[in-house]
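Under our numbering, think of the first position of the sequence shown as 922, with each following residue one higher. For every residue, glycine included, the Cβ atom is placed at its ideal position computed from N, Cα and C. Computed from a prediction, not measured in an experiment: that's the story for all the values here. Reviewing the structure listed below.
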Amino acid sequence: MPRVEVVGFYVVVLVAFVAGNVLVYRTAFALPVLEVRVLDTDKDNAVLVRSPSGTTLLINAGKDAGILRELGSALPMWHRNIDSIVLTTVSADSSGGLPHIMERYRVSALVRPRAEGTRSQEAALAAAASAQRGLRHFTAERGQRFSLGDGAYADVLWPPNTASALNTADGAVVLRISYGSTSILIQNDLPPRAAAWLAVLNAGFPPPDLVISSSSTPASMYTSNGQMITKK
922 MPRVEVVGFY VVVLVAFVAG NVLVYRTAFA LPVLEVRVLD TDKDNAVLVR
972 SPSGTTLLIN AGKDAGILRE LGSALPMWHR NIDSIVLTTV SADSSGGLPH
1022 IMERYRVSAL VRPRAEGTRS QEAALAAAAS AQRGLRHFTA ERGQRFSLGD
1072 GAYADVLWPP NTASALNTAD GAVVLRISYG STSILIQNDL PPRAAAWLAV
1122 LNAGFPPPDL VISSSSTPAS MYTSNGQMIT KK
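Right under this line is the structure:
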């Protein structure tokens, strides 16, 4: 191999080594923040939450394989684990991308609404979930709290535990992500009656610092240091 090519090869290796170490040190010594990223998935936008400890929570799976492009842009290329996925509804717009995520990422837990979809939607969801061994299943219900690590939490605010399951619109899952003194509400556009009921149940809580609608909030990224939320 000519000397010029040998030198060039080692320069490339050195640059890659330095860049990798800079990224590692930047990650290791960065101030702890909660990241909430609204992904561009056309309809029923997916929301990716990363806690200060690195725990990942994906809210909705997008409608198709396009969710992989969004996750690939939001996560480091070596990141192949998603700790939990929450489906706010089982509609195709919210869960259609789930099979593709299950093929690419290791998922630990799946949280779904109690309200059931059509027979075909339920069959597709069951098939996607069966692709992962050891997947833990939960049904969302008001009062549940999921720890995201380092003092960050995801609380289920809706739906409540009713004698019979609500329909798919009234039973869409609403979450509150909390870190420090900050909170972010992530919701679908509930029908008026359900929205009024939720407002009554939440009357004793302080209002959230930010509200993200999974159907209308544009692609964006927010961070919280536990005291304030900043849009990036």
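Below 8 Å on the Cβ atoms is my contact criterion, and I expect residue i with residue j to pass it. Report the Cβ-Cβ distance as a whole number of Å.
i: A1120; j: L1087; result: Contact doesn't hold; Cβ gap of about 16 Å is too wide.
i: A1073; j: P973; result: 6 Å
i: S1141; j: V959; result: 5 Å
Please report the distance separating the alpha-carbon of residue i from that of residue j.
i: G1064; j: T1089; result: 19 Å
i: Y1100; j: M1023; result: 28 Å
i: A1030; j: H1000; result: 17 Å
i: A1170; j: R1040; result: Look at the range of the chain in this structure, 922 to 1153, and you will see that residue 1170 is not part of it.
i: N1082; j: S994; result: 37 Å
i: T1138; j: S1102; result: 23 Å
i: T1010; j: L952; result: 34 Å
i: A949; j: N1109; result: With a pLDDT of 46 at A949, under the threshold of 50, the modelled position of this residue cannot be trusted; read the value that follows with caution. Whole-angstrom Cα-Cα distance: 35 Å.
i: D1071; j: G975; result: 9 Å
i: L1125; j: A1117; result: First, the residue type needs correcting, since residue 1125 is Gly and not Leu in the sequence shown. Using only the alpha carbons, I get a separation of about 14 Å.
i: L955; j: G987; result: 25 Å
i: V1094; j: R971; result: 19 Å
i: V957; j: P1127; result: 20 Å
With 16 as the cutoff for other CB atoms within 10 Å, does residue i come out buried or exposed?
i: L1078; result: buried
i: P1154; result: The structure shown has nothing for residue 1154, since the chain only spans 922 to 1153.
i: D963; result: exposed
i: L1122; result: exposed
i: N1002; result: exposed
i: G1055; result: exposed
i: R1097; result: buried
i: K984; result: buried
Which first and last residues belong to the alpha helix (DSSP H) in which residue i is found?
i: G993; result: G987 to A995
i: D1014; result: A1013 to S1016
i: L1019; result: L1019 to R1025
If we cut at 9 Å on Cβ distances, does residue i have a partner in chain B?
i: R1054; result: The structure shown contains no chain B; it is built from a single protein chain.
Identify the continuous beta strand (DSSP E) that holds residue i and give its terminal residues.
i: H1058; result: R1057 to T1060
i: L1122; result: Note, L1122: premise wrong, no beta strand (DSSP E); alpha helix (DSSP H) at P1113 to L1122.
i: R1066; result: R1066 to G1070
i: S1141; result: S1141 to S1145
i: A1044; result: Premise fails: A1044 lies in the alpha helix (DSSP H), R1040 to A1050, not in any beta strand (DSSP E).
Q: Please determine if the region 1120-1133 and the region 1038-1046 are in contact, where contact requires at least 3 C-beta pairs separated by less than 8 Å.
A: Taking a cut-off of 8 Å on C-beta distances, the region 1120-1133 does not touch the region 1038-1046, as fewer than three cross pairs fall below it.
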